[in-house]
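Chemist: My structure is below; once you've seen it, I'll send some questions.
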Amino acid sequence: MANSSDTLFSKALRLSTLLAVAIAIVGSLLGYLFYQLPGVFAALLGAGVSALFGTMTILSIWFGGKLSLNGFYAMVLGGWLFKFLLFAGVLLALQNAEGFAGPVFFFAVVATVLGGLAIDSWLVLKGRVPTVGK
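Counting the sequence shown from 1 gives a position; the working numbering is that position plus 7.
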């Protein structure tokens, strides 16, 4: 039987994935409305990148929680540094890209990040994870 923190993390992954899919769909429709095909591509890329990074955060905390305190910090902070460098690389690659709608990318990323924070906050507030071991 899975413990309550495993249930919490798997629920966070499921809800974050559903959020990213919803933002990709809505963002693609709005992106197409304002920028045609470059807007669709930007919305899909923005939602996908944000979903990937959110998933990496959830997994690093989930797996890091099974390690010692030093291992936890190494996993979470190492993952954060990796994501920072990877996102900087994505932005650098897209900086002068032709046929790319930057505003749609920006709003898709912001919507996915804020939605992910809302999901995580809601799950933590409603979660029933014991804080004291047996």
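C-beta: ideal position from N, C-alpha, C; glycine also.
A quick note: this is a predicted structure, and the numbers were derived from the prediction, not measured.
When the Cα atoms are used, what is the spatial distance from D13 to F89?
Modeler: Taking the straight line from one Cα to the other gives about 24 Å.
Chemist: In terms of alpha-carbon separation, which member of W69, L44 and G109 lies closest to S11?
Modeler: Measuring from the Cα of S11, the nearest candidate turns out to be W69.
Chemist: Only counting the same chain, and skipping five residues up and downstream in sequence, which positions put a Cβ closer than 8 Å to that of G142?
Modeler: Nothing about residue 142 can be reported from this structure: the residues present for the chain run from 8 to 141 only.
Chemist: Does the Cβ-Cβ distance between G61 and F112 come in under 8 Å?
Modeler: No, the pair does not count as a contact, with Cβ atoms beyond the cut-off.
Chemist: Along the chain, where does the alpha helix (DSSP H) containing F91 start, and where does it finish?
Modeler: Note, F91: alpha helix (DSSP H), L76 to L101.
Chemist: DSSP state of K73, grouped into three classes?
Modeler: K73 falls in the coil class under three-state DSSP.
Chemist: State the DSSP-derived secondary structure class of F114, mapped to helix, strand or coil.
Modeler: Of the three classes helix, strand and coil, the one that applies to F114 here is helix, per DSSP.
Chemist: Using the rule of at least 16 other Cβ atoms within 10 Å of the residue's Cβ for burial, across every protein chain shown, is M8 buried or exposed?
Modeler: Residue confidence is low: M8 scores 46 on pLDDT, short of 50, so the model does not pin down where it sits. No coordinate-derived value is stated.
Chemist: Once DSSP output is grouped into helix, strand and coil, what is the label at S128?
Modeler: Note: S128 maps to helix in three-state DSSP.
Chemist: Alpha carbon to alpha carbon, how far is L66 from F48?
Modeler: Taking the straight line from one Cα to the other gives about 27 Å.
Chemist: Assuming T119 and A50 are in contact, meaning their beta carbons sit under 8 Å apart, how far apart are those beta carbons, in whole angstroms?
Modeler: Actually they are not in contact, since the Cβ atoms of T119 and A50 sit about 10 Å apart, beyond 8 Å.
Chemist: Near G123, which residues of its chain fall below 6 Å by C-beta distance, leaving aside the five closest residues on each side in sequence?
Modeler: The answer, listed in chain order, is S23 and G61.
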